[in-house]
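Chemist: The structure that follows is given in the form of C-alpha cells.
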Amino acid sequence: MNLFLVSWRQMSIANLFRCSRCFGTVFGKPQQTLEANTGTVVFMSLNSWYSLLGFCDNPPSLRIMHAQLVVHGLVENLRIATKLVGLYGSFGDTRQARILFDRIENPDIYCHKVMLRWYYKNGFYPEVIGFYRCMRQCLTKQDSVIFSILLKATSELRDLNEGRQLHCQIVKMGNPDSFVSAGLLDMYAKCGTVEFARGVFNEIGEKDVVSWTSMIVGYVQNDGAEEGLVLFNEMGSSSVEPNEVTVGILLNACLKLDSLHQGKWFHCYIIKNGVSLTSSLGTALLDMYVKCGNIGDARSVFNELPTIDLVSWTAMIVGYTQRGHPSQAMELFVNKNWKTLVPNCVTIASVLSACSQLRNAKMGCVIHLIAIQLGLVEDVIVRNALVDMYSKCGMVGDANIIFSLNPSDHVVAWNSMIGGFAQNGYVIEALSWFHKLRTSLISPDAITLVNVLSACAHLGALQLCSFLHSYATKSGFLSNIYVGTALLNLYAKCGDVELGRQVFDEMYKKNTVTWSAMVGGYGMQGDSGDSLALFTEMLNENLQPNDIMFMNVLAACSHSGMVDEGLRYFNGMCQLYNVVPKMKHYVCMVDLLARAGRLDDALEFILKMPINANVSVWGAFLHGCRIHSRLEVGEVAVSKMLELYPESPGYYVLISNFYSSYGRWDQAARVRDLMKRKGLNKQPGCSSVEMDDVSYPHNNCRQLHSGSDVVSRILWCLLLVLWLLLVSKK
Numbered sequence: 007m008n009l010f011l012v013s014w015r016q017m018s019i020a021n022l023f024r025c026s027r028c029f030g031t032v033f034g035k036p037q038q039t040l041e042a043n044t045g046t047v048v049f050m051s052l053n054s055w056y057s058l059l060g061f062c063d064n065p066p067s068l069r070i071m072h073a074q075l076v077v078h079g080l081v082e083n084l085r086i087a088t089k090l091v092g093l094y095g096s097f098g099d100t101r102q103a104r105i106l107f108d109r110i111e112n113p114d115i116y117c118h119k120v121m122l123r124w125y126y127k128n129g130f131y132p133e134v135i136g137f138y139r140c141m142r143q144c145l146t147k148q149d150s151v152i153f154s155i156l157l158k159a160t161s162e163l164r165d166l167n168e169g170r171q172l173h174c175q176i177v178k179m180g181n182p183d184s185f186v187s188a189g190l191l192d193m194y195a196k197c198g199t200v201e202f203a204r205g206v207f208n209e210i211g212e213k214d215v216v217s218w219t220s221m222i223v224g225y226v227q228n229d230g231a232e233e234g235l236v237l238f239n240e241m242g243s244s245s246v247e248p249n250e251v252t253v254g255i256l257l258n259a260c261l262k263l264d265s266l267h268q269g270k271w272f273h274c275y276i277i278k279n280g281v282s283l284t285s286s287l288g289t290a291l292l293d294m295y296v297k298c299g300n301i302g303d304a305r306s307v308f309n310e311l312p313t314i315d316l317v318s319w320t321a322m323i324v325g326y327t328q329r330g331h332p333s334q335a336m337e338l339f340v341n342k343n344w345k346t347l348v349p350n351c352v353t354i355a356s357v358l359s360a361c362s363q364l365r366n367a368k369m370g371c372v373i374h375l376i377a378i379q380l381g382l383v384e385d386v387i388v389r390n391a392l393v394d395m396y397s398k399c400g401m402v403g404d405a406n407i408i409f410s411l412n413p414s415d416h417v418v419a420w421n422s423m424i425g426g427f428a429q430n431g432y433v434i435e436a437l438s439w440f441h442k443l444r445t446s447l448i449s450p451d452a453i454t455l456v457n458v459l460s461a462c463a464h465l466g467a468l469q470l471c472s473f474l475h476s477y478a479t480k481s482g483f484l485s486n487i488y489v490g491t492a493l494l495n496l497y498a499k500c501g502d503v504e505l506g507r508q509v510f511d512e513m514y515k516k517n518t519v520t521w522s523a524m525v526g527g528y529g530m531q532g533d534s535g536d537s538l539a540l541f542t543e544m545l546n547e548n549l550q551p552n553d554i555m556f557m558n559v560l561a562a563c564s565h566s567g568m569v570d571e572g573l574r575y576f577n578g579m580c581q582l583y584n585v586v587p588k589m590k591h592y593v594c595m596v597d598l599l600a601r602a603g604r605l606d607d608a609l610e611f612i613l614k615m616p617i618n619a620n621v622s623v624w625g626a627f628l629h630g631c632r633i634h635s636r637l638e639v640g641e642v643a644v645s646k647m648l649e650l651y652p653e654s655p656g657y658y659v660l661i662s663n664f665y666s667s668y669g670r671w672d673q674a675a676r677v678r679d680l681m682k683r684k685g686l687n688k689q690p691g692c693s694s695v696e697m698d699d700v701s702y703p704h705n706n707c708r709q710l711h712s713g714s715d716v717v718s719r720i721l722w723c724l725l726l727v728l729w730l731l732l733v734s735k736k
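For the sequence shown, my numbering gives the first residue as 7, with consecutive numbering after it.
Right, here's the structure in full:
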C-alpha cells in the first residue's frame, strides 16, 4: 500500500467544504473508496486541518469538525485546541470553550488571551477577573493585551478596587502603551474618579489622540463638560489632531451645556478641517442640534449625511417628536426614500409618540400593526408607547387591554394609564390606578405624582390636595420642579392661592412654567395686582417668558380692566421677547377691549389680525357686546359664529342668552329651536361639594352618587337662609 502526502493547499478547501454539508463525504466513504480503488491512503497535513477549521461558520459545522479532530487524535494539538477555543467563544458557547481550555495540558499565553478575550466579548466580566487570577499562577508574564481586556472588564463592573490593583501591576510591568493608558483612563472615569484619571493622563509622556480623547470622554461622562472643552483647547496647542471620535464626544459636551453656539463652532470645525462625517459623528451632530432646540439645522445635517442608516433616520424622527413636530416625524417615517430601512423599537416608539401628539388614533393603529409584523410589540418601550398613544387618543379601553395582556413592571406604563385617564376626564379611575400602583411592588415616580395632581385639579378637592402634598413630601418628590409646579397649580384651582404661594416660595428651583402657574393662580382668583407684580419679579430674574405666561398676564389685565397695560404687554411679546402671538392671545386681547367697552377698537383689532379669527375670538367679542348693550355690533359676531362653528351647542346658548338679554325672545327661541333640530344639547354644568373630607360632584341633570339628595337639600336650605337675610334687611 503506497503512502503519500496529498498537498491540500493545491486543492480548493473552500469548494470541498461547500460540497460537503457534513464532513462524511470528506472523511467517510470517499476515503474508503479512494483506498479501495487505488490502494492509497490520504493523509491531511496539520495546516490543512487548521485551514478547514476556518470555514466553520456555525455551531453545527464546528461540532462536526470537532468530532473529526477527536477521532483523528488532533484535538490535543495546542494550535488546533486554541483555534477550537476561539471558535466556540465566537459562537457564544463560552462554557464549551472553557471545557476545552481546561483539557489543554500546557496552554501558552496566546491561548490564555483567547479565553480571556471571549469571556469579555460575551459579557462574562466577573469571569474575566477570576480567570486572570488563575492564569497568574501558571504564567509569570503578562502583556498589554491582557491588561487592556482586564481594564475593560473592570470598567464595566465599576470595580475601583480591582482597577487600582491592576494599575499597580501595570506600573510594575513598566512602560504601558497608549491602549493600556487609555484603558486606565476609561476605568477611573467610569468608576467616577476622574481626578485619578487626570493623574494617569498627566503621567503619560507622549500623548496621542487616544489618550486625549479618553480623558475628554472621562470629563464629559462625569458632568465635567466644561473641563472637557478646556482640555480640547489644550489639545489644540499640541501637535495632536482630534479625530471624529473626539469631535463626537465634544458635541455631546455642548449638548450637556446646552451651548448651541459652541456646537455650531464644532460644526464649522468639522467642515473646515475636513473631519470625516461618519454615521456616528453625523448622528452626534444631529442630536446636538435637536437637544439644543435647533431642529432646522438638525434636518440640514440629516440631508447632508453621505449615507442614511437606521441610527441617523431614527435620531431625526426622535428629534422631531421630542421638539413638538409630530407631523414632520410622520412625514419622515413614511418617506419612500428610506423604505429599505427596517424600523427598530426606538423608531416605532417615537412614531407612536408622534401619533399621541397628533391625537391620530388611525395612524397609531397602523403603526401598531407594523410593530406586530416586525415582532416588536413585546418590547417594553413599544408596549409603553402603545399604552400612551391609545390613552392620549381617548381610547382608554384599548390602552387598558394592552396593559392587561402583559402587565408591566415598569412605572412608565402605569404613568401612561394614569395620565390617559386624567386627560380624558376619568378622574376617579386615575386615582384608582394610583392606588393600585401604590399597593403593588412598583414605586411611583415624579411623573406619576404629576399625573395624579393634574387629575385632582378637575375635582377641586382641597383635602385630597393636602394628602398629596404630604405624600410628595414623605416620598421626596417635592423637590422635583414639575411636582412642585403641579402642586401649586392644584392649590390655586382649589381656591387656596396662599398655600400655592407657600409651595412656590419653598421651591429651590423654578422654571418659566412654575412662574406661569403661580401668575395664573393669582389671575384665577381675580388678584391681578399680585399676578402682574409676580410677572415683573420673574422678568427681574432674567427668565424668558413663554406664550402661556403672556396668556395669563393678558387674562389678568382683562379681569382688572387694565387696557393700556394689556396692550403694552401684547406689543412687547414679539418686539421684546420673540414670542409669536397665538389665537389664545388674540382672544385675550379681544376680551380685554370688549370688557372695557372699547367694542369699536375690539372689532378693528379682529379685522386687522394676521390670522383668521376663530369662533373663540368672536365669542369674546359677543360677550362684550352683551355686557355693554351693543346689539347691532353683536349681531356681526353672531353671524360669524354660526358660520364658523355651526355644530357647537355652547355657542348657540351664548347667542340665545345674548338675544334674551335684550328682550328678543322670539330670536332667542329660534336659536334654541335650531339647536333642537340639529340634535345639539347643552353640556350640563358640574360642581362639587366637599363634606367630611369627601368631594361630591353633582350637576343639574343626573345623579352621580347616593349623597346627591343630601347635597341638594343643603343647597336649598342655604338659598332659603340667604333669601330670608335679604328680606330682613329690606
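Idealized CB from N, CA, C, for every residue including glycine. These figures come from a predicted structure and were not determined experimentally.
#1: Classify S712 as buried or exposed, calling it buried when 16 or more other Cβ atoms lie within 10 Å of its own Cβ.
#2: Is V489 buried or exposed, if buried means 16 or more other CB atoms sit within 10 Å of its CB?
#3: Taking DSSP as the reference, what is the three-state secondary structure of V281?
#4: Return the Cβ separation of G180 and L157 in integer angstroms, given the expectation that the two are a contact with Cβ distance under 8 angstroms.
#5: Here's a check: name, in chain order, each residue in its chain whose Cβ is nearer than 7 angstroms to the Cβ of L93, leaving out the five neighbours to either side.
#6: Starting from the C-beta of R164, find all residues in its chain whose C-beta is less than 7 angstroms away, skip the five residues before and the five after it, and write them out in chain order.
#7: Check whether the Cβ atoms of I373 and V357 sit closer than 7 angstroms, and answer yes or no.
#8: Kindly indicate the opening and closing residues of the alpha helix (DSSP H) around R444.
#9: Which residue marks the beginning of the alpha helix (DSSP H) containing I571, and which one marks its end?
#10: Could you tell me how far apart the beta carbons of V458 and L474 are, in whole angstroms, since I believe they sit closer than 8 angstroms?
#11: Is it buried or exposed for H72, if we count other Cβ within 10 angstroms and need 16 for buried?
#12: Suppose the cutoff is 6 angstroms on Cβ atoms and the five residues either side in sequence are ignored; what does the same chain contact list for V433 look like?
#13: Note down the Cα distance separating D383 from K213, rounded to an integer number of angstroms.
#14: Return the chain-ordered ranges of every alpha helix (DSSP H) run that is complete within the region 494 to 546 and spans a minimum of 4 residues.
#15: Relative to the C-alpha of S265, which candidate in D293, E247, T289 and R604 has its C-alpha closest?
#16: Do C471 and L496 have their beta-carbon atoms positioned less than 7 angstroms apart in this structure?
#17: Going by Cα to Cα distance, which pick from N546, T518, L545 and R574 is closest to D553?
#18: Quick one: what does DSSP say P3 is sitting in, helix, strand or coil?
#19: So which of H173, A304, Y295 and L283 has the shortest CA-CA distance to L263?
#20: Using the beta-carbon count (16 or more within 10 Å), is A539 buried or exposed?
#21: Which of the three DSSP states is assigned to F97 in this structure?
#22: Quick one: grab the DSSP three-state call for I110.
#23: Per DSSP, what kind of secondary structure is F207 in: helix, strand or coil?
#24: Would DSSP call A405 helix, strand or coil?
#25: Please classify H78 as buried or exposed, where buried requires at least 16 other C-beta atoms within 10 Å of its C-beta.
#26: State the Cα-Cα distance for the pair G572 and D511, rounded to the nearest angstrom.
#27: Taking only the alpha-carbon atoms, compute the straight-line gap between C707 and Q429 and give it to the nearest angstrom.
#28: Taking three-plus beta-carbon pairs below 8 angstroms as touching, is the region 319 to 332 in contact with the region 353 to 369?
#29: Let me confirm a value: V177 is counted as buried when at least 16 other C-beta atoms fall within 10 Å, else exposed. Which label applies?
#30: Can you name, in chain order, every residue of its own chain whose Cβ lies under 7 angstroms from the Cβ of N421, other than the five neighbours on each side?
#31: Under 7 angstroms Cβ to Cβ from K398, same chain only, skipping five residues before and after it: list those, please.
#32: Any chance the CB of W521 is under 6 angstroms from a heavy atom of the ligand GDP?
#33: Give me the Cα-Cα distance between S537 and Y514, rounded to the nearest whole angstrom.
#34: Using a threshold of 7 angstroms, state whether the C-beta atoms of V317 and T289 are closer than that.
#35: Counting only the same chain and skipping the five closest in sequence on each side, list residues whose C-beta sits under 6 angstroms from that of Q268.
#36: Given a cut-off of 7 angstroms on the beta-carbon distance, is the pair G431 and M395 in contact?
Modeler: Result, derived from the coordinates:
#1: Note that S712 scores 47 on pLDDT, short of 50, meaning its location in the model is unreliable; the coordinates nonetheless yield the value given after this. So S712 ends up on the exposed side.
#2: buried
#3: coil
#4: Between L157 and G180 the Cβ distance is about 16 angstroms, and since that is not below 8 angstroms, they are no contact.
#5: L59, C62 and L68
#6: K196 and C197
#7: yes
#8: V433 to T445
#9: Reading off the sequence, residue 571 comes out as Glu, not Ile. E571 -> alpha helix (DSSP H) spans V569 to Y583.
#10: 7 angstroms
#11: buried
#12: A461, H464 and L465
#13: Per the sequence presented here, residue 383 reads as Val, with Asp not at that position. Near 48 angstroms, if we compare the C-alpha coordinates of K213 and V383.
#14: 503 to 512, 518 to 530 and 534 to 546
#15: D293
#16: yes
#17: T518
#18: Residue coverage of the chain in this structure runs from 7 to 736, which leaves residue 3 outside it and unanswerable.
#19: Y295
#20: exposed
#21: coil
#22: coil
#23: helix
#24: helix
#25: exposed
#26: 27 angstroms
#27: Its pLDDT being 43, under 50, C707 is placed unreliably by the model, and the measurement read from it follows with that caveat. If you take the alpha carbons of C707 and Q429, they lie about 23 angstroms apart.
#28: yes
#29: exposed
#30: I453, T454 and N457
#31: S362, R365, G426 and Q429
#32: Annotation note on the ligand GDP: not contained in the displayed structure, which lists no ligands.
#33: 21 angstroms
#34: yes
#35: C260
#36: no
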